[in-house]
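What follows is a short report on a single structure.
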Amino acid sequence: WLSTIRHHSDGSVSQSGHLQLPPVTAKQHGVHYVCRVYHSSLPASGRSADVTLEVAGFSGPSIEDGIGLFLSAFLLLGLLKVLGWLVAAYWTIPEVSKEKATAASLTIPRNSKKSQ
């Protein structure tokens, strides 16, 4: 679709054009789209811009996929490490506390005087 013609304060005029593509398939990977504009104010060859359509995942993993996989693995490793520490702390603290409590209750001071 094309936008309406816009007049600017400097006397210039502009118009925008948009192209919305239908859902793409793997067959369309690598297709070139070119936009060419010809106007009397431009050089005779006009202006052009081209885009190559790349279907995500079709050409293999990208660098972003690799970075995402690395970060996910790193975070999972950290989570497992923290869980390991928590489980180890949970199983060792009660045993140590019980041993200290038992040892403290069995200790009788030597210089204690009997109450009369």
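According to our numbering, the sequence shown is numbered sequentially starting from 1.
Positions of the beta carbon are idealized from the N, C-alpha and C atoms, including for glycine.
The straight-line gap separating the alpha-carbon atoms of alanine 44 and histidine 7 is approximately 24 Å. Taking the CA atoms as reference points, serine 16 sits about 60 Å from tryptophan 85. Looking from the CA of leucine 2, the closest CA among Val13, Val31, Leu19, Asp10 belongs to Leu19.
Collapsing the DSSP output to three states places serine 48 in a strand. Taking 8 Å as the cut-off, the Cβ atoms of alanine 26 and phenylalanine 58 count as close. Across the set Val55, Arg36, Arg47, the C-alpha of Val55 shows the shortest separation from the C-alpha of proline 23. Excluding residues up to 5 positions away in sequence, nothing lies with its Cβ nearer than 8 Å to the Cβ of serine 40 in the same chain. In this structure, the beta-carbon distance from aspartate 50 to valine 37 does not fall below 8 Å.
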